[in-house]
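Peer 1: One structure follows; several queries about it will come next.
Chains as they are written, first to last, in our numbering: chain A, 1 to 416; chain B, 1001 to 1416.
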C-alpha cells in the first residue's frame, strides 16, 4: 500500500507542499536509462560517459551543478519501476509497485488505482490436474496470443469486476481485474515445481476483506478459464504470480503542482509515467523526435519527462561501444530541446547499468542539474568521476524533483 | 509542539546522550550568516569566499576538514530561525518556531516556553468597524511606540496571564501572552484585504483546550484595547498574525551537557540562542569585540556561538564586493579568538545567501571543522568548491554539533 511510513519524510513532504508555489517555470527531466557505469581495466578505465564525444553535454556542464544519486538505498539495485518512481520523487520503498503491475505497464496496459494486476504463465497439466511443465514448453508468442484471445472472448467480467487479458512474449500474459474493493497481495498459484497441483491464491493478510474478495475472484476466474483451455496442447492450464493491486499514488500534479508530459518510446516507461498521472505524448520513435515533440507541446506543460532507452540496452548487453554510441546519439539530439532553454534541466539515469556487469547495479548514477540558480561546480564535462566532485554530493534520487523545483524558484522560504 | 516525531532520529538522540561525557573541552561555532554562495558568469565564476583575501582562514584550512551542509532538507530555503536551530542541533522540521515568536525574538524580547507570541499591525477602521487600511498608512515608528505605550500602560494582565507589548518598525508590533495553559497556533485576525471586519482568532485544532483559552484571551485583549485606540488617527485598530506559542525546547545544556555563551550583535540571533538556553553576552558591537569578549569569558563556558551578520546583509543586497569585504573583516578578526586555541572550531553559515539571488537559498553552505582530531583534507583554502571535496561530505546541518562533540572527544565508544 502507498501509505507513508516514515515520520521524518512525512514532515518533509508536508513542508514541501506548504511551501510550493506555481510560477510557470519549465522543468525538463532527461533520463538516459541505465546511464551510470564503472571504470574497469577491460575498458581502459574509462566509463562510456568519459569515452563518448559529447560536445553539447560538455557545453552544458559549464553553468551546471553535478552529483550522484542513490536510486533506492545503499547497495540496492533497482528495476525500472523503483528507479523511475524515485526520479519522480516517490520513495520506492514506500510506494512499492507489484510485479504484475510492472508487467502490465510493460505490455502497454493503462492501469487505474485499485486495479489488481497479475502475471500469468501458460502451463501443462496432466489428467490428474498436476503441473507437468510450468512454462508449457515455452510456447511461441503466437500461440500465447491465440490462447489469450480464447479467454478474452468468453471472460470479460466476473460479477461487477472487469477482466482484461493481454498476451506477452512466449508463455507469458497479464490479467488485470478492475473493480471496487479489491486489493493484493495474494500468494502465487504457481506451486514452484512440477508434479504439484495449481495452488489456491491466498490473501497475504487473512483479515483483509479486499484481499479475500480478490482471492475469490482468482478462484472464480480459474473455474471459468480452465474449461476453455482443456483441449489445448501443450498449454491447457496457467499459473499466476505477483498478484498485487495498483497502489493509489498521489499524482504528479497533486504532489508538485506541475502538469507533466511523458515522452517515451517504450510502453513500460509510458506506463510508469501514467502511474503518477503524467500525460503520455505518443508518436516519437527516437530521441530527436522526442525532443522535437517536447518543443511542440512546450506551452501546454510545466514538466517534461524524456526517456531514452538505448544506454540501458547497451549496458545490459555488456556492449561498451554501443553505450558510447547511444550517449553520442543523445548528445547530438540535445540542442533541439536546449533551443527552448527550459528553466531547469536535469540529465541522469534511473540507475546504473555497467557494461562490465551486463545488468542493472546499485552504483549511484551521475546527475547534471542546469538552471540560472545552480552555480557552476568548475567541472568541464559530465562524467561519473566529475560528478563525484559536484556540489550536489551523493543523495537519494527521490530528492532530485525537490532540487529541480528549488532551482525553478518554486518554494517559498521556510520559517522567518 | 516540540515532540520527537521520528523514530530513527530518536534512536540517534538516545545513543548520543548515552555516550556523552564531559571533559572540559572548548568548542567554538562561528557563524558567518548566509555565507554560502554560487559561482556564476556575472561574477567571473568566483564565489565571495573564493574572491576574498583570507590569510587566516587559509592558514586554518591546513589541519581542517571541510564539507557542506543541508540546512533543512534538499531544496528548502530556510529563514534565520530554522537555519540556526539546525546549527544548534535541533531538526528544524521537528522544532518549528512560529512567526510571532521569531518577530518577538527580533525585537529583543526574551521568551519562555509556553509563551504565546503574536505579530501585530496597526490598522485603520471605519465607523462600521471595517478595515480601510491594513497598515494604517504605514505610520512612523514613533507613532507606533506611542500607541504601544498607551496599550502597555492600561493592559499588563488579563486574568492570570501577563501581557507584554513591544513596538517594532512603522506599523508593526509584538504581543506576548505569558501564562499557564496557553497554546497556538490560532488563525490570523487579519482579514487579508480591506473592507472586511477584524476576524476572530480561531484555534487551529478545535479540540485543544489550550488553543481555546488562547483564542478567548485574544478576544478579551481586543475588548480592552480597541476602546483605548478609538480616538487615534489613522491607527485606531490592529490586526494580529502568526499567533503561536514558543515550543518547549530542551536546552543546550540538557541536550549536550555544554554551558553555552552567545555572542551576537543583532537581537534576533541573541533571541534564537536564548531559545535553546544559551547565555547571551551583551556588549560587543563588532566581530573583533565579539571575539575579544569570548576570550574574556572563556573559562566560564564550554561552547561559544559567535554570530556575524554582514555576509548575509551583503548577499541580500546582491552586493558581491560587500560580501567579499565582510568575509575579509571576519578573517582579520579571527586571530583574536584563535589565540585561545579552542579544542574545536567550526566556521560556517546558517544557510547560503548567494549575491546572484539577493536572498537566502537552499544551496548547502560550506563548513570548516578544525580540531586536533579532524585530519587535513588537503585543501589549502576554505571555499564552496573546495568544501565539495572534503571528508565531511554533504550532510544535514543538524549533525554538525555531534561532529563538534566527537572532535572534542566527548563521546564514548558505541558498543564493544
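Idealized CB from N, CA, C, for every residue including glycine. All values reported here derive from a predicted model rather than from experimental measurement.
Got a sec: is the Cβ-Cβ distance from residue 1045/B to anything in chain A below 7 Å?
Peer 2: So, interface residue.
Peer 1: Out of 119/A, 114/A, 195/A and 234/A, point me to the one whose CA is closest to residue 104/A's CA.
Peer 2: Considering only alpha carbons, the answer is 119/A.
Peer 1: Say whether chain A places a C-beta atom closer than 7 Å to the C-beta of residue 1072/B.
Peer 2: At least one chain A Cβ lies under 7 Å of residue 1072/B.
Peer 1: Residue 409/A and residue 25/A look like a contact to me (Cβ under 8 Å); what is the Cβ gap, rounded to whole Å?
Peer 2: That pair is a contact at about 7 Å.
Peer 1: Quick one: is residue 1394/B buried, meaning 16 or more other Cβ sit within 10 Å of its Cβ, or exposed?
Peer 2: Residue 1394/B is buried by the Cβ-count criterion.
Peer 1: Can you tell which of 1205/B, 1084/B and 1358/B has the C-alpha that lies nearest to the C-alpha of residue 1270/B?
Peer 2: If we check each option's Cα against that of residue 1270/B, 1084/B comes out closest.
Peer 1: From residue 1165/B to residue 258/A, what distance separates their C-alpha atoms?
Peer 2: Approximately 44 Å, taken between the alpha carbons.
Peer 1: In the DSSP assignment, find the alpha helix (DSSP H) that holds residue 1143/B and state where it starts and stops.
Peer 2: Taken as a continuous stretch (DSSP letters only), the alpha helix (DSSP H) holding residue 1143/B covers 1141-1154.
Peer 1: Taking DSSP as the reference, what is the three-state secondary structure of residue 176/A?
Peer 2: Three-state DSSP puts residue 176/A in a strand.
Peer 1: Once DSSP output is grouped into helix, strand and coil, what is the label at residue 193/A?
Peer 2: The answer is coil: DSSP assigns residue 193/A none of H, G, I, E or B.
Peer 1: For residue 1080/B, return the contacting residues in chain A, with the cut-off set at a CB-CB distance below 9 Å.
Peer 2: Under the 9 Å cutoff, chain A gives 415 and 416.
Peer 1: Using the three-state DSSP reduction, which class does residue 405/A fall into: helix, strand or coil?
Peer 2: Three-state DSSP puts residue 405/A in a helix.
Peer 1: Considering just the uninterrupted stretch of the beta strand (DSSP E) at residue 1069/B, what are its terminal residues?
Peer 2: Where residue 1069/B is concerned, the enclosing beta strand (DSSP E) stretches over 1064-1070.
Peer 1: Using a Cβ-Cβ cut-off of less than 7 Å, give me the residues of the segment 1247-1280 of chain B that come near chain A, in sequence order.
Peer 2: Listed in sequence order: no entries.
Peer 1: Is it the case that the segment 311-318 of chain A contacts the segment 27-39 of chain A, given that we only count it when at least three CB pairs across the two stretches are under 8 Å?
Peer 2: Because the criterion of three Cβ pairs below 8 Å is met, the segment 27-39 of chain A and the segment 311-318 of chain A touch.
Peer 1: Output, in chain order, the set of chain B residues within a Cβ distance shorter than 8 Å of residue 402/A.
Peer 2: Near residue 402/A (Cβ distances below 8 Å), the residues of chain B are 1073, 1074, 1075 and 1076.
Peer 1: Within a Cβ cutoff of 6 Å, which residues of the same chain sit near residue 348/A, ignoring the five residues on either side of it in sequence?
Peer 2: Hits under 6 Å: 365 and 367.
Peer 1: When you compare the segment 1042-1057 of chain B with the segment 1286-1302 of chain B, are there three or more beta-carbon pairs, one atom per stretch, that lie closer than 8 Å?
Peer 2: Flag = no, the segment 1042-1057 of chain B and the segment 1286-1302 of chain B do not touch.
Peer 1: Which bits of chain A does residue 1092/B rub up against, with CB to CB less than 8 Å?
Peer 2: Within chain A, the residues near residue 1092/B are 414 and 415.
Peer 1: Does DSSP classify residue 311/A as helix, strand or coil?
Peer 2: Helix, per DSSP.
Peer 1: Does the segment 108-128 of chain A come within contact of the segment 376-392 of chain A, defined as at least 3 CB pairs closer than 8 Å?
Peer 2: No contact exists between the segment 108-128 of chain A and the segment 376-392 of chain A.
Peer 1: Could you give the C-beta distance for residue 178/A and residue 220/A, rounded to a whole number, given that I count them as a contact under 8 Å?
Peer 2: That belief does not hold up - the Cβ atoms of residue 178/A and residue 220/A are roughly 15 Å apart, past 8 Å.
Peer 1: Skipping 5 residues on each side, what residues in its chain have a beta carbon closer than 8 Å to that of residue 160/A?
Peer 2: 179 and 180.
Peer 1: Helix, strand or coil: how does DSSP classify residue 1289/B here?
Peer 2: In the structure shown, residue 1289/B sits in a helix (DSSP, three-state: H, G or I).
Peer 1: Please report the distance separating the alpha-carbon of residue 1244/B from that of residue 1096/B.
Peer 2: For residue 1244/B and residue 1096/B, the distance between alpha carbons rounds to 10 Å.
Peer 1: Quick check on DSSP: helix, strand or coil for residue 1084/B?
Peer 2: DSSP places residue 1084/B in helix when its eight states are reduced to three.
Peer 1: Just grab the DSSP bridge partners of residue 188/A for me.
Peer 2: Paired residue(s): none; residue 188/A is not in a bridge.
Peer 1: Which residues, taken in chain order from the segment 365-383 of chain A, show a beta carbon closer than 9 Å to some beta carbon of chain B?
Peer 2: Those residues of the segment 365-383 of chain A that come within reach of chain B (Cβ to Cβ, closer than 9 Å) are 372, 373, 374, 375, 376, 377 and 378.
Peer 1: Nearest CA to the CA of residue 1189/B: which residue from 1240/B, 1406/B, 1136/B and 1021/B?
Peer 2: With distances taken between Cα atoms, residue 1189/B lies closest to 1240/B.
Peer 1: DSSP three-state call for residue 1304/B: helix, strand or coil?
Peer 2: Note: residue 1304/B maps to strand in three-state DSSP.
Peer 1: Do you know offhand how far residue 1141/B's Cα is from residue 1045/B's?
Peer 2: The alpha-carbon atoms of residue 1141/B and residue 1045/B are separated by roughly 42 Å.
Peer 1: Using beta-carbon positions only, say whether residue 1131/B and residue 1194/B come within less than 7 Å of one another.
Peer 2: Closer than 7 Å, so yes.
Peer 1: Could you please give the first and the last residue of the uninterrupted alpha helix (DSSP H) stretch that includes residue 227/A?
Peer 2: Run containing residue 227/A: 209-229, per the alpha helix (DSSP H) assignment.
Peer 1: What does the alpha-carbon distance come out to for the pair residue 232/A and residue 124/A?
Peer 2: C-alpha separation (whole angstroms): 9 Å.
Peer 1: Is it buried or exposed, residue 53/A, if we count other Cβ atoms within 10 angstroms and call 16 or more buried?
Peer 2: Residue 53/A should be labelled exposed.
Peer 1: Please confirm if residue 1039/B has its CB atom under 7 Å from at least one CB of chain A.
Peer 2: With 7 Å as the cut-off, residue 1039/B counts as an interface residue toward chain A.
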